[in-house]
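*Asks:* For my numbering, count along the sequence shown from 1 and bump the result up by 305. Glycine included, C-beta positions come from ideal geometry on N, C-alpha and C. Questions regarding the structure given below will be posed in turn.
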Amino acid sequence: MTRLRLDPAQVAAEGVEYSTRMTMAVQQLATMDLRPDGCSARVEALRIDKTVLWRYAPLAPSAGLAPLVICYALVNRPYMMDLQPDRSLIRGLLARGLDVYLVDWGYPDRADRGLTLDDYVNRYLGACIDHVRQACAVPAVNLLGVCQGGTLSICHAALAPDRVRNLVTMVTPVDFHTDDNLLARWARKLDVDALVDALGNLPGELLNAAFIALMPLSLTAGKYAGLADIAHDRAALENFLRMERWIHDSPDQAGAAFRQFIRDFYQKNRLARGMLEIGGRSVDPRRIVCPVLNIYASQDHIVPPSASKPLAGLVGSRDYTPFEFQGGHIGIYVSRSAQQVLPGTIRQWLGTR
306 MTRLRLDPAQ
316 VAAEGVEYST
326 RMTMAVQQLA
336 TMDLRPDGCS
346 ARVEALRIDK
356 TVLWRYAPLA
366 PSAGLAPLVI
376 CYALVNRPYM
386 MDLQPDRSLI
396 RGLLARGLDV
406 YLVDWGYPDR
416 ADRGLTLDDY
426 VNRYLGACID
436 HVRQACAVPA
446 VNLLGVCQGG
456 TLSICHAALA
466 PDRVRNLVTM
476 VTPVDFHTDD
486 NLLARWARKL
496 DVDALVDALG
506 NLPGELLNAA
516 FIALMPLSLT
526 AGKYAGLADI
536 AHDRAALENF
546 LRMERWIHDS
556 PDQAGAAFRQ
566 FIRDFYQKNR
576 LARGMLEIGG
586 RSVDPRRIVC
596 PVLNIYASQD
606 HIVPPSASKP
616 LAGLVGSRDY
626 TPFEFQGGHI
636 GIYVSRSAQQ
646 VLPGTIRQWL
656 GTR
């Protein structure tokens, strides 16, 4: 057996050099002041309580398509869709002539603890879609739902199919009981009643800690150790800081809606089983007869493909298109390959319908 021989002087020198680079990286990060709300020009089109509907300024001549409303998840902030100019799905869509709107749920506080899924799916999202329909004089919009926002979009399209011309879902959970869904397995064990009864709203920090716990080494020590390697690259450090800010910018979750989502989706899997009700009405995905584009990520550890693919057997549409992106849950927003592939794929798919 060959023994590894280490030169103590060399080890000490490499330790000092690593510490120097790490110190340099941290000092540079401390001086950076980056925009917290995305990089593209936009105006407020509608505000209801804490929910804001943003309309983005065009970057190209209109493609002549119905306006696109993006419904993001409740659990993170939507500027991940517009992180920086070269890593922005929204800019990619704007550059292809789409009229883009974004639903921003804001930051729920204690006054919002009674908000339910009916409020989010029907009252807020419904009002945003109705505003766009009226402002653009169209009977229906193109709806793009992202992650949990895709699940909410499916629910809305099932409850109000006449408002949705085409439905696009990205990394969207549909079947919450697949064997490889680690987050779902964790959520099924959660005593959500005790948690919400004690806290009122679910703190964003607690939910963020749960996401990090899915891949603890790579999302903590492994990630921060790599800072030393980019100490001399300011652009790379800015990218790192933007991602860190987004990861830890987790809004609190309205208690009643969180309780419903965990119980009805994660624990009882009612959407996949055809047993879901929102606002006293049955959510029947078979009522979704518009064209559907379902985009999922092959290496997604939060919403594995197995959780997204069952949408094909739930909707009533005869025009269903699956699209597998080669990447992960975050890479589908910000990777270079995503910028090259996804805006064009969505634009082309919508253009043929």
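1. What are the start and end residues of the alpha helix (DSSP H) that includes TRP660?
2. Please name the residue or residues paired with SER642 in a DSSP beta bridge.
3. So, under 8 Å CB-CB, ARG547 and GLN389 are touching, yes? Tell me the CB distance rounded to an integer number of Å.
4. For a test of the three-state rule: what should DSSP assign to LEU542, helix, strand or coil?
5. Is the beta carbon of ALA371 closer than 9 Å to that of ARG401?
6. Excluding sequence positions up to five away, which residues of its chain have a Cβ less than 7 Å from the Cβ of ALA559?
7. Going by C-alpha distance, which of ASP498, ALA492 and PRO648 is nearest LEU512?
8. Between which two residues does the alpha helix (DSSP H) containing ARG493 stretch?
9. Taking 9 Å as the threshold (C-beta atoms), are ARG326 and ALA540 in contact?
10. Would DSSP call ALA561 helix, strand or coil?
11. Once you ignore the five residues that flank PRO363 on each side, which residues in its own chain have a CB closer than 8 Å to its CB?
12. Hey, could you find the ends of the alpha helix (DSSP H) GLN453 is sitting in?
13. By the three-class DSSP mapping on this structure, what secondary structure does TYR571 have?
14. Have a look at ARG586, THR474, ALA562 and ARG470 and flag the residue whose alpha-carbon is nearest the alpha-carbon of TYR601.
15. Strictly by DSSP, which residues pair up with ASP387?
*Replies:* With the structure as the only source:
1. The first residue shown for the chain is 306 and the last is 658, placing residue 660 beyond what the model contains.
2. If you number the sequence shown from 1, residue 642 lands on position 337. Paired residue(s): none; SER642 is not in a bridge.
3. Taking the sequence shown and counting its residues from 1, one reaches residue 547 at position 242. Taking the sequence shown and counting its residues from 1, one reaches residue 389 at position 84. Right, their Cβ atoms sit about 6 Å apart.
4. Stepping through the sequence shown from its first residue, residue 542 is reached at position 237. Here LEU542 sits in helix by DSSP.
5. Position 96 of the sequence shown, counted from the start, is the residue given in the question as residue 401. Position 66 of the sequence shown, counted from the start, is the residue given in the question as residue 371. No, the pair does not count as a contact, with Cβ atoms beyond the cut-off.
6. One-based indexing of the sequence shown puts residue 559 at position 254. Same-chain partners within the cutoff: PRO413, ASP417, ARG418, LEU420 and ASN506.
7. Locating residue 512 in the sequence shown gives position 207, where the first residue counts as 1. If we check each option's Cα against that of LEU512, ALA492 comes out closest.
8. The residue labelled residue 493 in the question sits at position 188 within the sequence shown. From DSSP, the alpha helix (DSSP H) with ARG493 extends over 487-493.
9. For the purposes of this step, residue 540 is taken as the residue at position 235 of the sequence shown. For the purposes of this step, residue 326 is taken as the residue at position 21 of the sequence shown. Taking 9 Å as the Cβ cut-off, ALA540 and ARG326 do not qualify as a contacting pair.
10. For the purposes of this step, residue 561 is taken as the residue at position 256 of the sequence shown. It is helical.
11. For the purposes of this step, residue 363 is taken as the residue at position 58 of the sequence shown. Closer than 8 Å at Cβ, skipping near neighbours: LEU399, GLY402 and ASP404.
12. Position 148 of the sequence shown, counted from the start, is the residue given in the question as residue 453. It spans 453-464 - the alpha helix (DSSP H) in which GLN453 sits, taken as one unbroken run.
13. Translated into the one-based positions of the sequence shown, residue 571 becomes position 266. Helix, per DSSP.
14. Within the sequence shown, numbered from 1, the residue matching residue 601 stands at position 296. With distances taken between Cα atoms, TYR601 lies closest to THR474.
15. Along the sequence shown, one-based indexing puts residue 387 at 82. Its beta-bridge partners are SER393.
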